[in-house]
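Numbering (the working numbering), first residue to last: 8 to 196.
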């Protein structure tokens, strides 16, 4: 078994969420778990965080469970963020399952308040897929009241790729988001 060449890591790719007229362009980026080490993927946490700071990112929304950070060998990730004055918003969301509406609402309110303060945000889980896509779709529907679930799913797939939603539960979550939103009309952004 060969050991991966750690110096040959590609720079962290940021995908910018510029779907809404309400959010400033280049203020919400999404991407993979910085510093992740798994099979043939050996990211460098220092290089990845430098990409974030070079792009003006001040806040990171991490959707990983603590056990995932250990599994992907980035237990020290939050300390690395803090050392570069990046604020961490940690929301432990189960991968591959349908998230809880109240949990997603909490993330969205925090995200909105962070953006209102003028911060630039990076949102990640292990990959761009699944949890990140659900957050983006729900956020898009919060910002643009005329956007349907189908259109939000289309836009996120256009941004991230066809595999953006990894499970039917995630797809159904987004599909039912407007109904949940209508039931809790006074609680949203």
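Note that CB positions come from ideal geometry on N, CA and C, so glycine has one too.
Treat the numbers as computed from the prediction; the structure is a model and nothing was measured.
Over the uninterrupted alpha helix (DSSP H) stretch that includes residue i, give me the two end residues.
i, result
"residue 36", "Residue 36 -> not in any alpha helix (DSSP H); beta strand (DSSP E) instead, spanning 35–38."
"residue 97", "Element bounds for residue 97: not the alpha helix (DSSP H) but the beta strand (DSSP E), 94–97."
"residue 84", "84–90"
If you draw a straight line from the C-alpha of residue i to the C-alpha of residue j, how long is it?
i, j, result
"residue 66", "residue 139", "15 Å"
"residue 171", "residue 136", "5 Å"
"residue 20", "residue 95", "19 Å"
"residue 31", "residue 88", "23 Å"
"residue 27", "residue 150", "7 Å"
"residue 80", "residue 58", "19 Å"
"residue 101", "residue 22", "22 Å"
"residue 176", "residue 147", "19 Å"
"residue 184", "residue 44", "34 Å"
"residue 116", "residue 143", "13 Å"
"residue 131", "residue 91", "17 Å"
"residue 73", "residue 39", "16 Å"
"residue 113", "residue 86", "23 Å"
"residue 174", "residue 93", "31 Å"
"residue 118", "residue 82", "24 Å"
"residue 120", "residue 186", "23 Å"
In or out: residue i buried (at least 16 other Cβ within 10 Å) or exposed?
i, result
"residue 134", "buried"
"residue 160", "buried"
"residue 41", "buried"
"residue 84", "buried"
"residue 125", "exposed"
Under 7 Å from any heavy atom of the ligand FMN, does the C-beta of residue i make it?
i, result
"residue 57", "The ligand FMN is not part of the structure shown, which contains no ligands of any sort."
Practice prompt. Run through the stretch 110–184 for me and flag every whole alpha helix (DSSP H) of 4 or more residues, listed as ranges in chain order.
Written response: Counting only runs of 4 or more residues that sit fully inside the stretch 110–184, the alpha helix (DSSP H) segments are 138–150, 156–167 and 175–182, in chain order.
Worksheet item: Which runs of the alpha helix (DSSP H) spanning at least 4 residues fall entirely within the stretch 47–78, listed in chain order?
Response: As far as the stretch 47–78 is concerned, its whole alpha helix (DSSP H) runs of at least 4 residues are 52–61 and 73–78.
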